[in-house]
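Participant: Sharing a structure here in structure tokens format.
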Amino acid sequence: MDAYALLIAATLNAGTVLALASLGLLINEKAGVLNLGAEGMMLCAAVAGFATVVHTGSDLLGFAAGMGAGALLAAIFGVLVIWLGTNQYATGLALSLFGAGFSAFAGINYVQEKLPERGHFAIPGLADIPLVGPALFEHHPMVYLTVAMCGALIWFLYKSRAGLVLRAVGESPDSAHALGYPVRRIRLAAVVVGGALCGLSGAYISVVYTPLWVEGMVAGKGWIALALTTFATWRPARVLLGAYLFGGVTMLQFHLQGAGVDVPSQMLTALPYLATIVVLALISRNPAWIRVNMPASLGKPFHPGS
Amino acid sequence: MTDFSKRSVIKMVALTAVAAAALVGCGKKEEAPKAEAPAAAPAKAEPLKVAFAYVGPVGDGGWTFAHDNARKALEKEFGDKIVTSFVENVPESADAERVIRDLAGQGNKIIFGTTFGYMEPMLKVAADLKDVKFEHATGYKQAENMRTYDSRTYEGAYMAGVIAGKMTKSNTLGVVASIPIPEVIRNINSFTLGAQSVNPKVKTKVVWVNEWFNPPKETEAATSLINGGADVLMQNTDSPAVLKTAEAKGKRAFGWDSDMTAYGPKAHLGSAVINWGPSYIKSVREVLEGKWTGGTGSWWGVKEGAIDFVSVAADVPEDAKKKLDEVKAGLKDGSFVIWKGPIMGQDGKEILAKDAVADDKFLSGVNFYVKGVDGKVPSGK
Numbered sequence: 001m002d003a004y005a006l007l008i009a010a011t012l013n014a015g016t017v018l019a020l021a022s023l024g025l026l027i028n029e030k031a032g033v034l035n036l037g038a039e040g041m042m043l044c045a046a047v048a049g050f051a052t053v054v055h056t057g058s059d060l061l062g063f064a065a066g067m068g069a070g071a072l073l074a075a076i077f078g079v080l081v082i083w084l085g086t087n088q089y090a091t092g093l094a095l096s097l098f099g100a101g102f103s104a105f106a107g108i109n110y111v112q113e114k115l116p117e118r119g120h121f122a123i124p125g126l127a128d129i130p131l132v133g134p135a136l137f138e139h140h141p142m143v144y145l146t147v148a149m150c151g152a153l154i155w156f157l158y159k160s161r162a163g164l165v166l167r168a169v170g171e172s173p174d175s176a177h178a179l180g181y182p183v184r185r186i187r188l189a190a191v192v193v194g195g196a197l198c199g200l201s202g203a204y205i206s207v208v209y210t211p212l213w214v215e216g217m218v219a220g221k222g223w224i225a226l227a228l229t230t231f232a233t234w235r236p237a238r239v240l241l242g243a244y245l246f247g248g249v250t251m252l253q254f255h256l257q258g259a260g261v262d263v264p265s266q267m268l269t270a271l272p273y274l275a276t277i278v279v280l281a282l283i284s285r286n287p288a289w290i291r292v293n294m295p296a297s298l299g300k301p302f303h304p305g306s
Numbered sequence: 307m308t309d310f311s312k313r314s315v316i317k318m319v320a321l322t323a324v325a326a327a328a329l330v331g332c333g334k335k336e337e338a339p340k341a342e343a344p345a346a347a348p349a350k351a352e353p354l355k356v357a358f359a360y361v362g363p364v365g366d367g368g369w370t371f372a373h374d375n376a377r378k379a380l381e382k383e384f385g386d387k388i389v390t391s392f393v394e395n396v397p398e399s400a401d402a403e404r405v406i407r408d409l410a411g412q413g414n415k416i417i418f419g420t421t422f423g424y425m426e427p428m429l430k431v432a433a434d435l436k437d438v439k440f441e442h443a444t445g446y447k448q449a450e451n452m453r454t455y456d457s458r459t460y461e462g463a464y465m466a467g468v469i470a471g472k473m474t475k476s477n478t479l480g481v482v483a484s485i486p487i488p489e490v491i492r493n494i495n496s497f498t499l500g501a502q503s504v505n506p507k508v509k510t511k512v513v514w515v516n517e518w519f520n521p522p523k524e525t526e527a528a529t530s531l532i533n534g535g536a537d538v539l540m541q542n543t544d545s546p547a548v549l550k551t552a553e554a555k556g557k558r559a560f561g562w563d564s565d566m567t568a569y570g571p572k573a574h575l576g577s578a579v580i581n582w583g584p585s586y587i588k589s590v591r592e593v594l595e596g597k598w599t600g601g602t603g604s605w606w607g608v609k610e611g612a613i614d615f616v617s618v619a620a621d622v623p624e625d626a627k628k629k630l631d632e633v634k635a636g637l638k639d640g641s642f643v644i645w646k647g648p649i650m651g652q653d654g655k656e657i658l659a660k661d662a663v664a665d666d667k668f669l670s671g672v673n674f675y676v677k678g679v680d681g682k683v684p685s686g687k
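Listed in order, the protein sequences are those of chains A and B. Per my numbering, the very first residue in the first sequence carries number 1; after that it's consecutive. Per my numbering, the very first residue in the second sequence carries number 307; after that it's consecutive.
Below, the structure written as structure tokens:
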């Protein structure tokens, strides 16, 4: 039974990395901007976070540096696509390539660095409950913060006035503009916040999840996070569910391999992708729902007065 | 200038800047010739141009890092007689052929390809460009101007196994494996055989990630092995993530390909390292002296100085260290052979009879687990 508790624990941890980045991208996309640069932002944030922790010894500063790096790159992306009207797909891809190369360059001197010792996290009292404790209450605070962030995002998008404005900008920028909202500034803010969350995810990978820096270490998590927003039909709760599902099936397939189950490992490796697509496709199989949830002007540039 | 055209100019400048930065970021890096070398000496013979195609980043801390260290050793050995360059992150796909052809077009006279997946692309280019010499790591196909080289990584795996067998308390070892090819399966088996030589109760659990380099996934695989009861981990992947995971969870692990002590000083039990230097130096010397011949393969191990086991942890007991030294010395003078019968398969059936020694052909086709490894080889057989 302990093995299952540990499996759940590992699932939550693996899902957190994806959920953080994916929720950030969701904010982008709800405002109508598609940023394919997630992978690049996460890599730059990973090296920024790692380097900061090496020099200061503070995880918090590391996370802040990661968020800063993500936000900065996102801001550059935002100015390019929102004010200068460059193609969102091409600019995002360029950002991804740039981030991969630049992070490798900036991180050359950190390849063999190590991070200071860190303590073990546990919630007093709750962590001592058998099975449930090790499964749910011995995590890094970021794991709980991500869940809280998802709740906050749901409230923001669907209950707050500011969230309504953000969605309006993503659905019909022309109407929002006609109502007097500064569409481009709102989009830029969404892009920057989204970039900061991607950055937080990148820093979490290099500081906590796989605490080291090697070139290209995000290894595709950014792309998976991008795909998750779509498969989750742009609903925050489903993004979180999808992230845990992907993390869970990844861990489960390793667990099955370790237990000697007779399924080809190549098949098992594909399982997380398949399972996530199937489950999310089943949840959101109603085409009307997809139309309702997909930001109508996603990926389309907006020129006021045109 | 109207507002519109001003905007499009800014846009163009900005895009060009981004594109240029991206190109610089993922482009080819050419090592500058050594500073002390004269900038232009027309009387001197042109230096031999030597190129490397790497599958991963130089900063992976493992496989590619080891190759690049050997490239640096090459420059040190031959000084201004050669110029080396490399391209990193060359995918094992059609792109590899383009990169290798490009390297030849730039005047490189000998090109090393450092991963199994370059076999077909290199063979194709070699057939077209007869005056360029090609060397392919870990492959088995050769041509008149292409030969293969490899290192007996399984010797390092066996030595790691000797330490692992002594250090495990749960008698469960874990291996994070990459791609199910004979080389990797052989390493898992050799690791297990090494452990069994000092501790017959040992069992090995294997988890395949089906990639050479994916640190988060390697972390997840290592976590799942530890959750499953393994307390000493080995990996045949290219990053230090497994060692790092063991460090975080208070378990033990090894460095692979390069010395990885720095990544997990508490968890690190020792590193099975590859030294490609002697092999590269021999090849380049042969080219310089006009003695290079294609169509052959070399497979070097401890004996030739290509494999070593280094940085053994301080808390490894003396008897284990002694055993390790015996194995190393035996491999060096040829008195000890790892793949010597009796060796049993998983089902307990004899694969190698008593005192039978496996030849290289047998070793290059290992597609089974030995007794003591859990699970099935994911070859679909």
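Virtual Cβ for every residue (Gly too), placed ideally from N, Cα, C.
1. Thinking just about the alpha-carbon of each residue, which of B/Leu594, B/Lys609 and B/Gly556 is nearest to the one in A/His120?
2. B/Val513 and B/Val548 look like a contact to me (Cβ under 8 angstroms); what is the Cβ gap, rounded to whole Å?
3. When you compare the CB of B/Gly561 with every CB in chain A, is at least one pair closer than 7 angstroms?
4. Below 6 angstroms, is the gap between the Cβ of A/Ile76 and the nearest heavy atom of the ligand PLP?
5. Taking 7 angstroms as the limit between beta carbons, can you name the residues of its chain near B/Lys415, skipping five residues before and five after?
6. Flag this pair as yes or no: are the beta carbons of B/Gly480 and B/Ala552 separated by less than 7 angstroms?
7. Listing by chain order, which chain B residues have their CB less than 8 angstroms from the CB of A/Met42?
8. Measure the Cβ-Cβ separation of A/Phe98 and A/Gly40 and say whether it is below 7 angstroms.
9. Just reading off the alpha helix (DSSP H) that B/Val758 is part of, what are its end residues?
10. Taking Cβ-Cβ distances below 9 angstroms as the criterion, which residues of the region 120-150 of chain A are in contact with chain B?
11. Would you grab the beta carbon distance between B/Gly367 and A/Val214 for me? Rounded to a whole angstrom, and I think it's under 8 angstroms.
12. Taking B/Ile416 as part of the beta strand (DSSP E), name the residues at either end of that continuous run.
13. Applying a beta-carbon distance threshold of less than 8 angstroms, which residues of chain A neighbour B/Tyr569?
14. Return no unless some Cβ of chain A is closer than 7 angstroms to the Cβ of B/Ser670.
15. From the DSSP output, which residues share a beta bridge with A/Val249?
16. If I'm right that A/Lys221 touches B/Pro522 with Cβ under 8 angstroms, what's the distance once you round it to whole angstroms?
17. So, at 6 angstroms on beta carbons, what are the nonlocal neighbours of B/Val616 in its own chain, with the 5 sequence-adjacent residues on each side left out?
18. Please check if any C-beta of chain B sits within less than 7 angstroms of the C-beta of A/Met67.
19. So which residues on chain A does B/Asp366 lean against when the C-beta distance must stay under 7 angstroms?
20. Taking a cut of 7 angstroms between CB atoms, which residues from the region 575-595 of chain B lie near chain A?
21. Kindly provide the ranges of any beta strand (DSSP E) runs that are 3 or more residues long and lie completely inside the region 440-490 of chain B, ordered along the chain.
22. What are the boundary residues of the beta strand (DSSP E) that B/Asp563 is part of?
23. Between B/Ala527 and the rest of its own chain, which residues show a CB-CB distance below 7 angstroms, the 5 nearest in sequence each way excluded?
24. Just to confirm the assignment, what range does the alpha helix (DSSP H) spanning A/Met294 have?
25. Taking only the alpha-carbon atoms, compute the straight-line gap between B/Pro506 and A/Gly195 and give it to the nearest angstrom.
26. If you measure from the beta carbon of B/Ser530 to each beta carbon in chain A, is any gap under 7 angstroms?
27. Tell me where the alpha helix (DSSP H) around B/Trp369 begins and ends.
28. Consult DSSP for A/Phe302 and reduce its assignment to one of helix, strand or coil.
29. Measuring straight from C-alpha to C-alpha, what distance separates A/Leu126 and A/His140?
30. Short of 8 angstroms Cβ to Cβ, which residues in the region 271-305 of chain A face chain C?
31. Just mark B/Glu441 as buried or exposed, buried being the case when its beta carbon has 16 or more other beta carbons within 10 Å.
32. Hey, how far is the Cα of B/Val490 from the Cα of A/Thr11?
33. From the beta carbon of B/Val513, is the nearest beta carbon of chain A less than 7 angstroms away?
34. Using DSSP with H/G/I as helix, E/B as strand and the rest coil, what is B/Val579?
35. Starting from B/Gly362, follow its DSSP beta bridges and name the residues at the other end.
36. What does the Cβ neighbour count give for B/Leu630, buried or exposed, with the cut at 16 atoms within 10 Å?
Facilitator: So, to answer that:
1. Sequence index remark: in the first sequence, residue 120 of chain A carries index 120 (1-based). Taking only the C-alpha atoms, the option nearest A/His120 is B/Gly556.
2. Taking the first residue of the second sequence as 1, we reach residue 513 of chain B at position 207. Taking the first residue of the second sequence as 1, we reach residue 548 of chain B at position 242. Going by Cβ atoms, the distance from B/Val513 to B/Val548 rounds to 10 angstroms, so no, they are not a contact pair.
3. The count along the second sequence starts at 1 and reaches residue 561 of chain B at position 255. No, its Cβ sits nowhere closer than 7 angstroms to a Cβ of chain A.
4. As presented, the structure is devoid of all ligands, the ligand PLP included, so that no description of it is given.
5. Taking the second sequence and counting its residues from 1, the one referred to as residue 415 of chain B is at position 109. Taken in chain order, the residues that qualify are Leu354, Lys355, Val438, Lys439 and Val593.
6. Along the second sequence, one-based indexing puts residue 480 of chain B at 174. Along the second sequence, one-based indexing puts residue 552 of chain B at 246. Cβ distance not < 7 angstroms, so B/Gly480 and B/Ala552 don't count as in contact.
7. Along the first sequence, read from residue 1 onward, the residue named residue 42 of chain A stands at position 42. What A/Met42 touches in chain B: nothing, since even the nearest Cβ is about 11 angstroms away.
8. Residue numbering aside, residue 98 of chain A sits at position 98 when the first sequence is read from its first letter. Residue numbering aside, residue 40 of chain A sits at position 40 when the first sequence is read from its first letter. For A/Phe98 and A/Gly40, yes; Cβs fall inside 7 angstroms.
9. Not covered by the structure: residue 758 of chain B. The range shown for chain B is 307 to 687.
10. none
11. Along the second sequence, read from residue 1 onward, the residue named residue 367 of chain B stands at position 61. Along the first sequence, read from residue 1 onward, the residue named residue 214 of chain A stands at position 214. The pair is a contact, with the Cβ atoms about 6 angstroms apart (cut-off 8 angstroms).
12. As a working mapping, residue 416 of chain B is identified with position 110 in the second sequence. Ile416 to Gly419 is the extent of the beta strand (DSSP E) around B/Ile416.
13. For this step, residue 569 of chain B is matched to residue 263 along the second sequence. Chain A residues near B/Tyr569: Gln112, Lys114 and Leu212.
14. In the second sequence, residue 670 of chain B corresponds to position 364, counting from 1. No, B/Ser670 lies away from the interface with chain A (no Cβ there is under 7 angstroms from its Cβ).
15. Taking the first sequence and counting its residues from 1, one reaches residue 249 of chain A at position 249. Residue pairing for A/Val249: DSSP places it in no beta bridge.
16. Working through the first sequence from its first residue, we reach residue 221 of chain A at position 221. Working through the second sequence from its first residue, we reach residue 522 of chain B at position 216. That pair is a contact at about 6 angstroms.
17. Here residue 616 of chain B corresponds to residue number 310 of the second sequence, with the count starting at 1. So the qualifying residues of the chain are Asp565, Ser577 and Val579.
18. Counted from its first residue, the first sequence places residue 67 of chain A at position 67. With 7 angstroms as the cut-off, A/Met67 does not count as an interface residue toward chain B.
19. For the purposes of this step, residue 366 of chain B is identified with residue 60 of the second sequence, where counting begins at 1. By Cβ distance, chain A contributes Val214 and Glu215.
20. Against chain A - using a Cβ distance shorter than 7 angstroms - the region 575-595 of chain B contributes no residues.
21. 452-457 and 478-483
22. Indexing the second sequence from 1 puts residue 563 of chain B at position 257. Run containing B/Asp563: Arg558 to Asp563, per the beta strand (DSSP E) assignment.
23. Counting from one through the second sequence, the residue named residue 527 of chain B turns up at place 221. These residues qualify, in order along the chain: Val482, Val513 and Val515.
24. Locating residue 294 of chain A in the first sequence gives position 294, counting from the first residue. It is not in any alpha helix (DSSP H) - A/Met294 carries neither H nor E in the DSSP assignment.
25. Taking the first residue of the second sequence as position 1, residue 506 of chain B is located at position 200. Taking the first residue of the first sequence as position 1, residue 195 of chain A is located at position 195. Cα to Cα, B/Pro506 sits roughly 53 angstroms from A/Gly195.
26. One-based indexing of the second sequence puts residue 530 of chain B at position 224. It does; some Cβ of chain A falls within 7 angstroms.
27. Indexing the second sequence from 1 puts residue 369 of chain B at position 63. From DSSP, the alpha helix (DSSP H) with B/Trp369 extends over Trp369 to Phe384.
28. Working through the first sequence from its first residue, we reach residue 302 of chain A at position 302. Correct three-state label for A/Phe302: coil.
29. The residue you call residue 126 of chain A lines up with position 126 of the first sequence. The residue you call residue 140 of chain A lines up with position 140 of the first sequence. The alpha-carbon of A/Leu126 is positioned some 14 angstroms away from that of A/His140.
30. In the structure shown, chain C cannot be found, because the protein chains are A and B.
31. Numbered from 1 along the second sequence, position 135 holds the residue referred to as residue 441 of chain B. Buried: at least 16 other Cβ atoms inside 10 Å.
32. Position 184 of the second sequence, counted from the start, is the residue given in the question as residue 490 of chain B. Position 11 of the first sequence, counted from the start, is the residue given in the question as residue 11 of chain A. Each residue's Cα considered, the two are about 28 angstroms apart.
33. In the second sequence, counting from the first residue as 1, residue 513 of chain B sits at position 207. Cβ-Cβ to chain A under 7 angstroms: yes for B/Val513.
34. Counting from 1 along the second sequence, the entry for residue 579 of chain B is found at position 273. Strand at B/Val579.
35. Along the second sequence, one-based indexing puts residue 362 of chain B at 56. Looking at the DSSP assignment, B/Gly362 forms no beta bridge with any residue, so it has no partner.
36. Reading the second sequence from its first residue, position 324 is the one you call residue 630 of chain B. It is buried - the Cβ of B/Leu630 has at least 16 other Cβ atoms within 10 Å.
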